[in-house]
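Following: one structure in structure tokens, then a few remarks.
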Amino acid sequence: MGAFYLAALVILWAGRRGNVSRKLAAVASVVCLLAGSGALAAAVYPWGNSYGITVNRLQDLPGKGVVPATAGYMALTFDDGPYPPYTDRLLDVLKEKKAHATFFLVAEQAQRHPELVKRALAEGHTVGLHAFRHRDFLKLTEEERQKDLALGKKVLHDITGKEPVYWRPPHGFRDFSVMEVAAAEKLTVVNWSVIPRDWTGIGKQEIHNRVMDKAENGAIVLLHDGDSPFYKASRKATVDAAALLIDSLREKGYHLVSLEEYVQAEKRPGQ
């Protein structure tokens, strides 16, 4: 991205000095600016594989078996926790409904509430990494990215005794260098296919309706049990919506699974 923008400036400078015609310089600089903008859009757009393989649907997960054509699976995933009392209440809902989910945790926050991380793991949920500190990885240096992921992995390992396998980049932003750091840390990058924007202050029914409108086999739903970085906003609507969603999705025939649960289930054909 930076290279395209820099090239545009150099070409404009060359045109002004007369090294190339001004018309050619203008056209070439516009092309470079458009290319740079396209690269930026691909980095911040959560779907697609422009910068490397990203899991956007359950079928994209590595290590799974053959997906039964008749089975309908969906995954509820929750970002930015743990965040009392909302993570506690969400875990209560999931336990009552006998449903498993995936939590992408902010490790700095996990240090403050290790009991919630341990509870999530003990109750069969997948614990993934969001970051050590919730920051836009596109704005970090390569060293800062590596340190953040390494420290985040260590924190979660120290709490759970397990290395996290899945990583969701903050905001879903990634480019080649971000993907390279994730690969070096042996993390599978997971984004989503359904985003109800539950952090915007909408109510439980609207969250429910937005997810149901996009429900389909293999969908990964992005929800939030946390409020990074300030941890002041309520997540009650999301917790209440989770209970509604579990019932409604099951009525539609969907199996709600964590990422690990899906991979393991799909290794057993016919289940």
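Per numbering that gives the first Met the number 0, the sequence shown runs over residues 0 to 270. Ideal Cβ positions, reconstructed from N, Cα and C, are used throughout, including at glycine. Nothing here was measured: the structure is a model prediction, and the numbers come from that model.
Check: Would His99 pass as a contact of His124 if the rule is Cβ separation under 7 Å?
Finding: Yes, the Cβ-Cβ distance between His99 and His124 is below 7 Å.
Next item on the list: Just the C-alpha distance for Gly151 and Lys251, rounded to the nearest angstrom, thanks.
Entry: Distance between the alpha carbons of Gly151 and Lys251 is about 37 Å.
Item checked: Trp166 to Glu142 span [Cα, whole Å] -> It is roughly 18 Å from the alpha-carbon of Trp166 to the alpha-carbon of Glu142.
Notebook entry, point to check: Between which two residues does the alpha helix (DSSP H) carrying Phe261 extend?
Noted result: According to the sequence as given, residue 261 is Tyr; it is not Phe. Its alpha helix (DSSP H) spans residues 258-264.
Notebook entry, point to check: Can you name the start and end residues of the alpha helix (DSSP H) that Leu150 belongs to?
Noted result: Counting along the chain, Leu150 sits inside the alpha helix (DSSP H) bounded by residues 141-159.
Check: From what residue to what residue does the alpha helix (DSSP H) around His207 run?
Finding: In the DSSP assignment, His207 falls within the unbroken alpha helix (DSSP H) covering 203-213.
Check: Using DSSP with H/G/I as helix, E/B as strand and the rest coil, what is Ala40?
Finding: Confidence at Ala40 is low in this model, with a pLDDT of 48, below 50, so the placement of that residue should be treated as unreliable; the coordinate-derived value is given next. In this structure, Ala40 counts as helix in the three-state DSSP scheme.
Next item on the list: Inspect the beta-carbon positions of Thr237 and Asp197 and report whether they are closer than 7 Å.
Entry: Against a cut-off of 7 Å, the Cβ pair of Asp197 and Thr237 comes out as a contact.
Check: In chain order, what residues of the same chain lie with their CB nearer than 7 Å to the CB of His112, ignoring the 5 residues before and after it?
Finding: Closer than 7 Å at the Cβ level, and outside the excluded window around His112, lie Pro81, Pro83.
Check: According to DSSP, is Phe229 helix, strand or coil?
Finding: Reduced to three states, the DSSP call for Phe229 is coil.
Notebook entry, point to check: How about Pro195 and Val210: are their beta carbons less than 7 Å apart?
Noted result: Yes, they are a contact pair.
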